[in-house]
Structure formats: structure tokens, C-alpha cells
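K.L.:
Supplied in C-alpha cells, the structure appears directly below.
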Amino acid sequence: MREFTLNSLAVNAAVWATAVSAGAIYNECMRFYPLAVGLIAMFSIASHAIPMRSCGDYAAKIPNVKPHLCETAQLQDMKARSVQGRPIWGRDVQVDDSLLRILVLGGIHGDEMSSSSLVFHWIAMAQTPPSDTPVAIHWRFIPSLNPDGLFARPAKRVNAHGVDLNRNFPTPNWARDARRYWEGRTQKDPRRWPGNKPLSEPESRFLLDQMDSFKPNLIVSVHAPYGVLDFDGPSVPPSKLGRLFLDQVGIFPGSLGNYGGIHKGVPVVTIELPSASRTPTDAEMRQMWIDLLRWTSDRLGPGISTAVQGFSKQQ
Ligand SMILES: [Zn+2]
21 MREFTLNSLA
31 VNAAVWATAV
41 SAGAIYNECM
51 RFYPLAVGLI
61 AMFSIASHAI
71 PMRSCGDYAA
81 KIPNVKPHLC
91 ETAQLQDMKA
101 RSVQGRPIWG
111 RDVQVDDSLL
121 RILVLGGIHG
131 DEMSSSSLVF
141 HWIAMAQTPP
151 SDTPVAIHWR
161 FIPSLNPDGL
171 FARPAKRVNA
181 HGVDLNRNFP
191 TPNWARDARR
201 YWEGRTQKDP
211 RRWPGNKPLS
221 EPESRFLLDQ
231 MDSFKPNLIV
241 SVHAPYGVLD
251 FDGPSVPPSK
261 LGRLFLDQVG
271 IFPGSLGNYG
281 GIHKGVPVVT
291 IELPSASRTP
301 TDAEMRQMWI
311 DLLRWTSDRL
321 GPGISTAVQG
331 FSKQQ
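What the sequence shown shows, in my numbering, is residues 21 to 335, in sequence order.
Below you can see the structure in the form of C-alpha cells.
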């Protein structure tokens, strides 16, 4: 009996101890619950950011881009994949009450590595805008639209299907003109194959989705190596960006300038850097940036942005 009582006491004590420790654990859990939720949230946000390993890969391919510049760009997964399944990375930089949306694209041609570099340098500049920036801008940067072309060995202009993405946009009469242009004017240059149909490629479809959802007031597309500035669409073109001067070289079936600028009415500034493998100096890249801001403010700024937006919506 005594033994039973002792045993009962022991059992009761054990149950009580278990209850107390379970309660303590519960209390501890509740103390750390907000921290855990915060960590999970941070992890899920971080999991969409470009990994350091990928920044190492980009830095190894793109001139004048060190891993640190790529990491501080804080690129996010834009939820699009190239033909070979590579993520397309992008970065939004915006201030409150942005009046204008500008989409900046690099590397639509994978072997024009300097174009991606310029976009990385401009992301850094957009994060520390001059205090006298005349107009509030929501920037969206896509430094490498054709990662399969960039990471091919050697790098290629076309994507993994061999399509020139800058001839794959659905301009009017594409079916007739794009093939005719490719066969006649380019002599079936494989670097300029427009594809079997417009928007046949995931990379060009992604860009079209961006135009439809982000609704940019301006698109800036960076290329190389012709050393000029081109412009399509409404508004007065910029006469120069840094040392690049305006030289409107013509219209190509299926090109972004033709589709965005002429067909959709969104101004497209096409920058042709002078070299595909070397970037302009830091001072030159900054001057181009400042000239772009100035032209944007003059031509697309507060007084006329509404008109441009209205025009875009009609398309
Ligand atoms: Zn190009």
C-alpha cells in the first residue's frame, strides 16, 4: 500500500513535471514564435534573391562587374525562365509617388556583355540618386534578358533555340517581313534568325508580359558595339547620352524598337555601346545616366507624363 502510494505520488509528480515542462516549452515556443515567423519570412524573401554563386557566374562573364556589385544589386527572381531553365533576374528601384516607370534591359543579345554591365552600374546609381533628381521614377532593371546566350561558350547573340530575340516581337506583317528580311537583307545570317513565329521564345514572351504588366513610360534597351544612340516612338529623341550621339539606323521587322516604339507607342531608347567586351569608363557611364535623367525629365516629366500614359493605354 505504502509502496503503491509512493508509486502514485511518483507518477503524479512525473505527470506534473511533464505538464510543467510542456508548458514551459510551449511558453518558450510562443516567445520565439514571432522570431521564427520573421526568420521564415526573411528566408522566403531571400530565397527569391540571386544566390551569391550566381553572382559569381555573372561576374565571371560580364566585364567590369565584380561579385559585390552584383550582390548589392539585390536582383530578384522575375519568375521567368530561359529556354535552358535559367532564371531571369530583375530589380525594381523606386521612390514614393513615382510618376514614371522606366524599363531598362541589358543582354537581349547574349554576346553583348558590356550591355549587361552598364545595367548593373546603373542599378547602383539608381539606389543613390542625386538629390536634385527632377522627376520621381520607378525603375525596373533586367540586366541579362538572354542568360543562355550569355553563358554559352563562347557567348552567343541568339538564345538557346538560335533565335534573335530582338527580331521575335509581333510587329505588324511579321510573318511576311521578318522572313523576307532575314533571307534577303541578312543573307540568312544565323545570328539574326527571327524564329518560326513571333513570340516563339520564353525570353521574348517574358519581355512582352513586362510591357503589359509594368506599363513602362519608357524602355531603354542596351546593346553593342555600334557606338550610337537610336530612338523609336513618340517624343523628341535624346540628342546624346554621354558620348553617344543620335543616329536613327532604321526599322527592323520584329525588333523591340519597332514593336514598342512604333506599334505600341512607348518610347524606346536603344543604346549601342562602342564595345561588346569593354564598358565605358565609370565617369562616362555616370554621364550617360545623368543625360538620360535630364532628357526623361524634359520630355517625359510631370507636365507631359499624363499625355504619354494616355497614349500608351490607347494602344
Ligand atoms: Zn544587340
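Note that beta-carbon positions come from the ideal geometry of N, C-alpha and C, so glycine has one too.
Where are the beta strand (DSSP E) runs, 3 residues long or more, that stay fully inside the segment 244-291, in chain order?
P.N.:
The qualifying runs are 248-252.
K.L.:
For S295, tell me which candidate among A79, N84, A69 and P218 has the shortest Cα-Cα distance.
P.N.:
Looking up residue 295 in the sequence shown gives position 275. For S295, the nearest C-alpha among the options comes from N84.
K.L.:
Measuring CA to CA, which of R205, G253 and W194 is closest to Q268?
P.N.:
For this step, residue 268 is matched to residue 248 along the sequence shown. Among R205, G253 and W194, the Cα nearest to that of Q268 belongs to G253.
K.L.:
Extract the residue ranges of the alpha helix (DSSP H) inside the segment 211-248, only unbroken runs of 4 or more that lie entirely within it.
P.N.:
Unbroken alpha helix (DSSP H) stretches of 4 residues or longer found wholly inside the segment 211-248: 222-234, given in chain order.
K.L.:
For Q114, report the span of its alpha helix (DSSP H) as first-last.
P.N.:
Numbered from 1 along the sequence shown, position 94 holds the residue referred to as residue 114. Segment: none, Q114 is in no alpha helix (DSSP H) and carries neither H nor E.
K.L.:
Within 10 Å of its beta-carbon, does K217 have 16 or more other beta-carbons around it, so buried, or fewer, so exposed?
P.N.:
Position 197 of the sequence shown, counting from 1, holds the residue named residue 217. Flag for K217 reads exposed.
K.L.:
Is it true that the CB of K86 sits closer than 8 angstroms to the CB of F171?
P.N.:
What you label residue 171 is simply residue 151 of the sequence shown in a count that begins at 1. What you label residue 86 is simply residue 66 of the sequence shown in a count that begins at 1. Taking 8 angstroms as the Cβ cut-off, F171 and K86 do not qualify as a contacting pair.
K.L.:
What residues in its chain sit with their C-beta under 7 angstroms from that of S4, if we drop five residues either side in the sequence?
P.N.:
Beyond the ends of the chain as shown, which are 21 and 335, falls residue 4; an answer cannot be given.
K.L.:
Beta-carbon within less than 7 angstroms of S317's beta-carbon, same chain only, minus the 5 sequence neighbours each way: which residues are those?
P.N.:
For the purposes of this step, residue 317 is taken as residue 297 along the sequence shown, with counting starting at 1. Here the set comprises P154 and V155.
K.L.:
Could you give the distance in angstroms between the alpha-carbon of G274 and the alpha-carbon of L165?
P.N.:
Taking the first residue of the sequence shown as position 1, residue 274 is located at position 254. Taking the first residue of the sequence shown as position 1, residue 165 is located at position 145. G274 and L165: Cα-Cα distance of roughly 16 angstroms.
K.L.:
Would DSSP call R121 helix, strand or coil?
P.N.:
Position 101 of the sequence shown holds residue 121. Strand at R121.
K.L.:
Figure out for me which residue from G127, L119, V139 and R101 has the closest Cα to the Cα of Q94.
P.N.:
Start at 1 with the first residue of the sequence shown, and residue 94 comes out as number 74. Considering only alpha carbons, the answer is V139.
K.L.:
So, at 8 angstroms on beta carbons, what are the nonlocal neighbours of A180 in its own chain, with the 5 sequence-adjacent residues on each side left out?
P.N.:
On the sequence shown, residue 180 is found 160 positions in, with the first residue counted as 1. Answer for A180: S102, V103, Q104, D168, G169 and A172, listed in chain order.
K.L.:
Output the distance between the C-alpha atoms of S233 and T301, rounded to the nearest integer angstrom.
P.N.:
Mapped onto the sequence shown, residue 233 falls at position 213. Mapped onto the sequence shown, residue 301 falls at position 281. The alpha-carbon atoms of S233 and T301 are separated by roughly 34 angstroms.
K.L.:
Is there at least one Cβ from chain D nearer than 8 angstroms to L320's Cβ?
P.N.:
Protein chains in the displayed structure number just one, and chain D is not present.
K.L.:
Report the option in Y246, I122 and G76 whose CA atom is closest to the CA atom of L320.
P.N.:
Locating residue 320 in the sequence shown gives position 300, counting from the first residue. Measuring from the Cα of L320, the nearest candidate turns out to be I122.
K.L.:
Hey, could you find the ends of the beta strand (DSSP E) A100 is sitting in?
P.N.:
On the sequence shown, residue 100 is found 80 positions in, with the first residue counted as 1. Q96 to R101 is the span of the beta strand (DSSP E), which, as asked, contains A100.
K.L.:
Should N186 be counted as a contact of ligand 1 given a C-beta to heavy atom distance under 7 angstroms?
P.N.:
Within the sequence shown, the letter at position 166 stands for residue 186. Under cutoff, so the answer is yes.
K.L.:
Among the residues of its own chain, which have a CB less than 7 angstroms from the CB of D184, if the five just before and after it don't count?
P.N.:
The residue labelled residue 184 in the question sits at position 164 within the sequence shown. The answer, listed in chain order, is R177, V178, R211, R212, W213 and P214.
K.L.:
Write down the C-beta distance between I291 and L261 rounded to the nearest angstrom, noting that I regard them as a contact closer than 8 angstroms.
P.N.:
By 1-based counting over the sequence shown, the position of residue 291 is 271. By 1-based counting over the sequence shown, the position of residue 261 is 241. Separation of the CB atoms of I291 and L261 is rounded to 6 angstroms, and the pair is thereby assigned contact status at 8 angstroms.
K.L.:
Using the C-alpha atoms, what's the distance from V124 back to W309?
P.N.:
Numbered from 1 along the sequence shown, position 289 holds the residue referred to as residue 309. Numbered from 1 along the sequence shown, position 104 holds the residue referred to as residue 124. W309 and V124: Cα-Cα distance of roughly 12 angstroms.
K.L.:
Can you give the Cα-Cα distance for L89 and A144, rounded to whole angstroms?
P.N.:
Looking up residue 89 in the sequence shown gives position 69. Looking up residue 144 in the sequence shown gives position 124. Looking at the two C-alpha atoms, the distance is approximately 8 angstroms.
K.L.:
Just list the residues that DSSP pairs I70 with in beta bridges.
P.N.:
Counted from its first residue, the sequence shown places residue 70 at position 50. DSSP output for I70 lists no bridge partner at all.
K.L.:
What span of residues does the beta strand (DSSP E) with R196 cover, start to end?
P.N.:
Taking the first residue of the sequence shown as position 1, residue 196 is located at position 176. Counting along the chain, R196 falls outside any beta strand (DSSP E), though it belongs to the alpha helix (DSSP H) covering W194 to G204.
K.L.:
Evaluate M72 with the Cβ neighbour count: other Cβ atoms within 10 Å of its Cβ, from every protein chain shown; 16 or more gives buried, anything less gives exposed.
P.N.:
Stepping through the sequence shown from its first residue, residue 72 is reached at position 52. If you draw a 10 Å sphere on the C-beta of M72, you find fewer than 16 other C-beta atoms in it, and that means exposed.
K.L.:
Distance check for M305 and S136, CA to CA, integer angstroms please.
P.N.:
As a first step, residue 136 is located in the sequence shown; it is residue number 116 there, counting from the start. As a first step, residue 305 is located in the sequence shown; it is residue number 285 there, counting from the start. In a straight line, the C-alpha of S136 is about 12 angstroms away from that of M305.
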